[in-house]
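> Before we start, here is the structure in question, set down as structure tokens.
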Amino acid sequence: MYKVVFGLTAILAAGGLLAQDGQAVSALGRLEPQHGIIKVSASSTPQAIGGGLLAELLVEEGDDVRQGDLLAVTDTAAVLEAMTREAEVGVRYAEREVEAARSKEVESCVRADVSAREAERRARLHEQGVAGEEEADSARGEAEAMKASCASASTAVRLSETAVDVARARQVRVEAEWQRSFVRAPVDGRVIDIIARPGELIGAAGILELAQVNHMKAIAEIYETDIRRVKTGQRATISSKALENELTGTVESIRQKIQKQDEIGTDPAARKDARIVEVTIALDDSEPAAGLTNLQVDVVIQP
93 MYKVVFGLTA
103 ILAAGGLLAQ
113 DGQAVSALGR
123 LEPQHGIIKV
133 SASSTPQAIG
143 GGLLAELLVE
153 EGDDVRQGDL
163 LAVTDTAAVL
173 EAMTREAEVG
183 VRYAEREVEA
193 ARSKEVESCV
203 RADVSAREAE
213 RRARLHEQGV
223 AGEEEADSAR
233 GEAEAMKASC
243 ASASTAVRLS
253 ETAVDVARAR
263 QVRVEAEWQR
273 SFVRAPVDGR
283 VIDIIARPGE
293 LIGAAGILEL
303 AQVNHMKAIA
313 EIYETDIRRV
323 KTGQRATISS
333 KALENELTGT
343 VESIRQKIQK
353 QDEIGTDPAA
363 RKDARIVEVT
373 IALDDSEPAA
383 GLTNLQVDVV
393 IQP
């Protein structure tokens, strides 16, 4: 019985499941860029509702890019550029319509003013007995008609000015849609994988993967039984045969969810269905890890 218990304890210790107070906590983990791997894709547009084609790819794997840099262009760019030019012409046409409406307004209102003065003159002549009542009434009717024509022309000006606003709003919308054809870097980072090439359909996986490799982290998978021994601020060492030297870092955060273990070591005695908590460790120097995203590492967190 004692041999069985001792053997089980040895197996648990070998698998990293047991840690005594005051001892370091060891675990498997992986290297990961800040905010993980960013899958960069193209925006959806009405012109590519079934998925757009990649027309141009302006970067390659390993390229470092800055936020806002142009990465790729989809095949909808040409169509949307033409629509943008059409919208610009529409704005100019609407502006010319305003000019024409204002000229007509001036003409109509001048005629209305002349007709009003003529009606007043005929009314005075009628009072003096020089002009007949019919002639005065005719002049008064003409003045009222021209006054209405002036008001109508003024309304036409306001309507044409509104049409300019509508045309400009359409231009802004079409230009915004056009810009969605250009894929730009959402953050500073490095292109770590190319998923689609020019001529290929852009699928759910996107166009490329981007990573902020200048801020690498180690994600340690700490067994749930050991997590109480881990606190933010503790120092840690990270090692792997792929690394020339050990890396060091500081426990930055402890994630709030217990989950199944992802990183499986080669120890046949280790549990394969263990439940773990991911702990983020900020590396003191990201440069040695910059090209090793998802590398499996051994992590030791000091007490």
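Take 93 as the starting number for the sequence shown in my numbering and just add one per residue.
Even glycine gets a Cβ: it sits at the ideal position worked out from N, Cα and C.
1. In angstroms, rounded to a whole number, what distance separates the CA positions of Val198 and Glu210?
2. Pick helix, strand or coil for Pro380, following the three-state DSSP scheme.
3. Enumerate in chain order the residues of its own chain whose CB-to-CB distance from Arg194 is below 6 Å, with the five nearest sequence positions on each side excluded.
4. DSSP puts Pro125 in a beta bridge; with which residues?
5. Can you tell me the Cβ-Cβ gap for Ala381 and Leu123, rounded? I've got them flagged as a contact below 8 Å.
6. For Ala297, which of helix, strand or coil comes out of DSSP?
7. Report the CB separation of Ala255 from Arg158 in whole angstroms; it is logged as a contact under 8 Å.
8. What does a CB cutoff of less than 7 Å around Leu335 pick up in its chain, not counting 5 residues either side in sequence?
9. To the nearest angstrom, how far is the alpha carbon of Gly182 from that of Val279?
10. Under 8 Å: do the region 175-189 and the region 334-349 share three or more Cβ pairs, one atom per stretch?
11. Taking just the CA atoms, how far does Lys131 sit from His307?
12. Please classify Asp390: does DSSP put it in a helix, a strand, or coil?
13. DSSP three-state call for Ile319: helix, strand or coil?
14. Pull up the CB-CB distance for Ala245 and Cys201, whole angstroms please, since I reckon it's below 8 Å.
15. So, with DSSP's three-state summary, where would you put Thr176?
16. Out of curiosity, what's the CA-to-CA distance linking Asp167 and Ala297?
17. Using a Cβ-Cβ cut-off of 8 Å (strictly less than) and excluding sequence neighbours within five positions of Arg289, which residues of its own chain qualify?
18. Measure the CB-CB distance between Ala208 and Ala237 and report whether it falls below 8 Å.
19. Could you please give the first and the last residue of the uninterrupted beta strand (DSSP E) stretch that includes Ala285?
20. Mark Thr324 as exposed unless 16 or more other C-beta atoms lie within 10 angstroms of its C-beta, in which case mark it buried.
21. Would a C-beta distance cut-off of 8 Å place Glu180 and Gln263 closer than the cut-off?
22. When burial is assigned at 16 or more other CB atoms within 10 Å of the CB, is Glu292 buried or exposed?
23. Please work out which residues of its chain come closer than 6 Å, Cβ to Cβ, to Val151, disregarding the five sequence neighbours upstream and downstream, and give them in chain order.
24. Of the choices Ala303, Val369, Tyr315, Val206, whose alpha-carbon is the least far from that of Arg232?
25. Could you check if Asp359 is buried or exposed, using at least 16 other CB atoms within 10 Å of its CB as the buried criterion?
26. Label Leu251 either buried or exposed according to how many other C-beta atoms from any shown protein chain fall within 10 Å of its C-beta, with 16 as the threshold for buried.
27. Between Tyr315, Ser332, Gln304, which has its C-alpha nearest Ser118's C-alpha?
28. Among Leu387, Ala243, Arg367, Ile368, which has the Cα closest to the Cα of Ile397?
Per the coordinate set shown:
1. In the sequence shown, counting from the first residue as 1, residue 198 sits at position 106. In the sequence shown, counting from the first residue as 1, residue 210 sits at position 118. Between the C-alpha atoms of Val198 and Glu210 there is a straight-line separation of about 18 Å.
2. Start at 1 with the first residue of the sequence shown, and residue 380 comes out as number 288. Helix, per DSSP.
3. Taking the first residue of the sequence shown as 1, we reach residue 194 at position 102. Cβ within range, chain order: Val249.
4. Residue numbering aside, residue 125 sits at position 33 when the sequence shown is read from its first letter. Checking the DSSP bridge columns, you'll see Pro125 partnered with Met308.
5. Locating residue 381 in the sequence shown gives position 289, counting from the first residue. Locating residue 123 in the sequence shown gives position 31, counting from the first residue. That belief holds up - the Cβ atoms of Ala381 and Leu123 are roughly 5 Å apart, short of 8 Å.
6. Reading the sequence shown from its first residue, position 205 is the one you call residue 297. In the structure shown, Ala297 sits in coil (DSSP, three-state: anything other than H, G, I, E or B).
7. Position 163 of the sequence shown, counted from the start, is the residue given in the question as residue 255. Position 66 of the sequence shown, counted from the start, is the residue given in the question as residue 158. Wrong, their Cβ atoms sit about 41 Å apart, outside the cutoff.
8. The residue you call residue 335 lines up with position 243 of the sequence shown. Excluding positions up to five away in sequence, the list reads Pro380.
9. Mapped onto the sequence shown, residue 182 falls at position 90. Mapped onto the sequence shown, residue 279 falls at position 187. Cα to Cα, the separation comes out at about 36 Å.
10. no
11. Residue numbering aside, residue 307 sits at position 215 when the sequence shown is read from its first letter. Residue numbering aside, residue 131 sits at position 39 when the sequence shown is read from its first letter. The alpha-carbon atoms of His307 and Lys131 are separated by roughly 17 Å.
12. As a first step, residue 390 must be located in the sequence shown, where it is residue number 298. It is a strand residue.
13. As a position in the sequence shown, residue 319 is number 227, starting the count at 1. The answer is helix: DSSP assigns Ile319 an H, G or I state.
14. If you number the sequence shown from 1, residue 245 lands on position 153. If you number the sequence shown from 1, residue 201 lands on position 109. 7 Å between Cβ atoms; contact.
15. On the sequence shown, position 84 is the one that residue 176 refers to. Helix at Thr176.
16. Stepping through the sequence shown from its first residue, residue 167 is reached at position 75. Stepping through the sequence shown from its first residue, residue 297 is reached at position 205. Cα to Cα, Asp167 sits roughly 18 Å from Ala297.
17. Here residue 289 corresponds to residue number 197 of the sequence shown, with the count starting at 1. Contacts found: Leu146, Leu149.
18. Numbered from 1 along the sequence shown, position 116 holds the residue referred to as residue 208. Numbered from 1 along the sequence shown, position 145 holds the residue referred to as residue 237. Contact: no.
19. Taking the first residue of the sequence shown as 1, we reach residue 285 at position 193. Before going on, a small fix: residue 285 reads as Asp here, not Ala. Here the beta strand (DSSP E) through Asp285 covers 281-286.
20. Reading the sequence shown from its first residue, position 232 is the one you call residue 324. Thr324 is exposed by the Cβ-count criterion.
21. Taking the first residue of the sequence shown as position 1, residue 180 is located at position 88. Taking the first residue of the sequence shown as position 1, residue 263 is located at position 171. Yes. Within cutoff.
22. Along the sequence shown, read from residue 1 onward, the residue named residue 292 stands at position 200. Result: exposed.
23. Against the sequence shown, residue 151 aligns to sequence position 59. Cβ neighbours of Val151 beyond the five flanking positions: Leu163, Val283.
24. Here residue 232 refers to the residue found at position 140 of the sequence shown. It is Val206 whose Cα lies nearest to the Cα of Arg232.
25. Taking the first residue of the sequence shown as position 1, residue 359 is located at position 267. With a pLDDT of 48 at Asp359, under the threshold of 50, the predicted position of this residue should be treated as unreliable, though the coordinate-derived value follows. Under this definition Asp359 is an exposed residue.
26. Here the question's residue 251 lines up with position 159 in the sequence shown. Exposed, since its Cβ has fewer than 16 Cβ neighbours within 10 Å.
27. Mapped onto the sequence shown, residue 118 falls at position 26. It is Tyr315.
28. In the structure displayed, the chain extends from 93 to 395; residue 397 sits before or after that span and is not available.
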